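Accompanying notes for the structure given below.
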Amino acid sequence: MKNITILLIFAILFSVSVHAINDQDDPGSIAGVIEYKLSPNHKLRIGDISIYPKKTLRGFYESRDFRPAWENADINYFMKSLYEIEADGLQKEDYYYTEIIDLIKAEDTDNLGVISSKADLEILLSYSLSKLFIHLRNGKIDPKSLKTEWDIDKKHDYSTTMLLFKALASDNLYEFIEQQKPQLSYYKSLKRAYSKFEQYRENGGWIKVPGGATLKPGMYDKRITSLRDRLVYTGHLLESDNFETVQYDEQLVEAVKKFQRHHNLNADGIVGPNTLKELNVSVDKRIDQIKVNLERARWVLNNAQYKFVIVNIAGFKAYYAVDGEILWSSRIQVGKPYRKTPVFKSEIKHLVFNPSWSVPPGIFRKDILPIIKRNPGYLKRRGFNVYNSAGRKVSPTSINWAEYSRNVPYSIRQRPGSRNALGRVKFIFPNDHFVYLHDTPNRSLFNKDIKTFSSGCIRVEKPFELAELLLNDKEKWNQQNIQNVIKKRKTRTVFLDDPVPIMILYWTASADNDGNVYFMNDIYGRDKAILKLL
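According to the numbering used here, the sequence shown holds residues 216 to 749 in order.
The following block contains the structure:
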C-alpha cells in the first residue's frame, strides 16, 4: 500500500509538469539547449549544483543527438527509487531529490525559460541516476581514501554511459536500479535488518539494564526484570507467564546465550561486563553499524565470484561459499590492534601440510628475541633452527643473544610438528602482506570474546575441513587421508586444480535469511570514519 501511494503521488505531480519534456515542446529546441549546456567549454550549474564531470552525460546525449531521454514513467520510477534509497543506508538528497522536485514543479511564462528549465531537469535526472549507479555498484566512499589497510582494486565491469542507455530503455527503471545493488543474500538480509532496527528506533528503542554484579544462572536479582524486557524487545526472548520472577531461570539463560551468539560473545549465559555493555548499546549506534556495513558490502559484493572464501576480521569468522550456500564456517584469530590484519583479496593457490615457519625478521626481533634473552633454551624446546647470514645452520647456544637488539645477523625457522606456530596446514594466496590462513596450536584462544592474537595472519579453528573442501577430491583428499599425510610429519605442498578466490574483509554487522542480526566489535576502530562520510 505504501509503494502504491508513493507512485500515485509522483504520478499526479509529474502529470502536471513533466510530460512537456517530450510531448509539448519541440524536442529539437530542447536538444539544442541540452547540447549547449553540455558543451565542453560551458560551466554548467543547475541551481547550486555544479554538474561535473560532464563527459559521461555528453557521451550519452551526443549519441542520441541531444534529444531528451526521460519519459514520464521513468521519472516516476526513479523518484520512487530515490524516495526509498535510505533503506540502503544512503541519503536521497545526495542525488538532488529536492532540486529535482523543484524543477518538476517550476512554472515559467517565458517559453525560453520553460525550455531551459526542462533541459536542466533532463540533465539533472541523468546526472543523479549516473551518480546513483556509481554508488550502488562501487559504494559512495572510496575505501582507499580511508587509509585502513585496504588493498582491493575494484574492477569496473560496466560503463556508466551504457548503464544510462540500458536503464532508460528498460520497461521498469525501478527494477533496473534494484538490479544494480549487490544481489547476494548478505546485502538483502542486512537491508531487512536496517529496516527492523529503524522500526525499533521509531518505537523508542530498548531500555538499559542497570549495572551491578555479574548475573549467573539461578541467581535472584531485581535487575532480572530489566534484562527480560530488554531481550523481549529484540526478540531474543518470548514473553511468558513467569515474567514476574526475579530469578535468572533457564529460559532467560537460553535467551542470553542467543543474544551472546548474535553479538560475537562467548555464549556462556553469564551476564558479565562484556555482555552488559552489548545489551546497553543504543539502537542509534546499531543502526549506524548496519549502515556502515551496507556501504562495505557495496565495495565488494558486486564483484563476488561463484565460489569464494570470505574472512570477516571483525567477526572472527571465516566462511566458504559455493553458489550462495555456505559449506563451511570456522572461528578465527586475527591480528593484534598494533599488527592489524589487512583487507585484500587474492586466490588460494595451494596448501602446505606440515609446514615449517620461517619467522619474519620483525616478529623475530620484537617477539622472540626478548624471550631468548630471558630463556636461552626456548628455541630448542619450540623446535627452532638457527641460520647465519650465509644460510648455514648454527647452534643457538653458541650465540650471545644479549649483543643484539635491532640488526640480528641470524634467521630462525621452526620445524614442522605439533608446536609449530602454523599448526599442521597453511593456505597460500599471493599477497604483498605475507598473510595466509593456517592452523594453530593455540586453540584455547578461540574461546575468548576478542580474538586478536596473531601478528596479522589468520588462525583457523577448523582448517582440515576447509582443506578437504578446497581440494575437492573425496577419494584422494578425505579427512582420513589428510590425517595420514599429517602423521608422516613431512612437508607436502598440494596445488588446487582451480584456485579459489578469497576476500579478507572487515564487517561489524551482518544478518542471515532467518532474520537474525549479528553485531561485532569494531576492533580496529574503522566504523567512525565511514559513518562520517555517509
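Even for Gly, the Cβ is constructed at its ideal location relative to N, Cα and C. Computed from a prediction, not measured in an experiment: that's the story for all the values here.
- Your pair Lys522 and Ala536 checks out as a contact, with CB atoms roughly 7 angstroms apart and the cut at 8 angstroms.
- By alpha-carbon distance to Ala428, the top candidate from Thr490, Ser385, Asp386 is Thr490.
- Counting only runs that start and end inside the segment 478-552, the beta strand (DSSP E) elements of at least 3 residues fall at 522-527, 532-537, 540-550.
- In the DSSP secondary-structure assignment, Trp572 is bridged to Gln629.
- A Cβ-Cβ distance of about 25 angstroms is found for the pair Trp722 and Ala470, leaving them out of contact under the 8 angstroms criterion.
- Contact check for Val498 against Trp421 passes: the beta carbons are separated by less than 8 angstroms.
- In the same chain as Pro425, and ignoring 5 residues on each side of it, the C-beta atoms closer than 7 angstroms to its own belong to Arg438, Ser441, in chain order.
- Collapsing the DSSP output to three states places Ala470 in a helix.
- Contact check for Leu340 and Ile290: beta-carbon distance about 7 angstroms, within the 8 angstroms limit, so the pair qualifies.
- Sorting Pro716, Phe568, Thr655 by C-alpha distance to the C-alpha of Asn699 places Phe568 at the top.
- A straight line joining the alpha-carbon of Asn387 with that of Ser573 spans about 58 angstroms.
- For Gln395, the CB contacts under 7 angstroms within the same chain, skipping 5 residues up- and downstream, are Phe348, Leu351, Arg352 in chain order.
- Non-local beta-carbon contacts of Arg273 in its own chain, meaning distances under 6 angstroms to residues more than five positions away in sequence, involve Leu253 in chain order.
- Exclusion of the five residues before and after Gly487 leaves Thr429 as the residues of its chain whose Cβ lies within less than 6 angstroms of its Cβ.
- Per DSSP, the continuous alpha helix (DSSP H) segment holding Tyr401 begins and ends at 400-417.
- For Leu566, the three-state secondary structure derived from DSSP is strand.
- Taking Ser545 as the centre and dropping the five residues before and after it, the same chain places the C-beta of Ala533, Val675, Glu676, Lys677 closer than 6 angstroms to its C-beta, in chain order.
- One Cα belongs to Met434, the other to Gly740, and the distance between them is close to 36 angstroms.
- Under the criterion of beta carbons closer than 8 angstroms, Glu337 and Pro283 qualify as touching, at roughly 5 angstroms.
- Per DSSP, the unbroken alpha helix (DSSP H) holding Thr271 starts and ends at 270-277.
- Remark: C-beta atoms of Pro656 and Ser571 do not approach each other more closely than 8 angstroms.
- The alpha-carbon of Ile587 is positioned some 7 angstroms away from that of Leu594.
- From the listed residues Phe458, Leu681, Asn287, the smallest Cα separation to Ile541 is found for Leu681.
- With 16 or more neighbouring CB atoms inside 10 Å of its own CB, Ser725 falls in the buried class.
- DSSP, reduced to helix, strand and coil, places Pro716 within a strand of the structure shown.
- Around Ser385, the same chain offers Phe391 as residues with beta carbons nearer than 7 angstroms, after the five sequence neighbours per side are excluded.
- Put simply, the segment 501-511 touches the segment 296-304. At least three CB pairs are less than 8 angstroms apart.
- Between the C-alpha atoms of Tyr310 and Thr376 there is a straight-line separation of about 17 angstroms.
- Residue pairing of Phe599 in beta bridges, as defined by DSSP: Gln629.
- Non-local beta-carbon contacts of Arg407 in its own chain, meaning distances under 8 angstroms to residues more than five positions away in sequence, involve Ala726, Gly730 in chain order.
- Between Leu720 and the set Asn693, Lys555, Ile697, Pro575, the nearest pair of CA atoms involves Lys555.
- In this model, Arg639 and Lys551 are separated by some 22 angstroms (Cα to Cα).
- Between Pro714 and Pro645, the alpha-carbon positions lie close to 11 angstroms from each other.
- Contact annotation: Arg597 and Arg634 have beta-carbon atoms nearer than 8 angstroms.
- In this chain, the alpha helix (DSSP H) harbouring Ser441 covers 439-448.
- Looking from the CA of Glu299, the closest CA among Tyr312, Asn287, Ala288 belongs to Tyr312.
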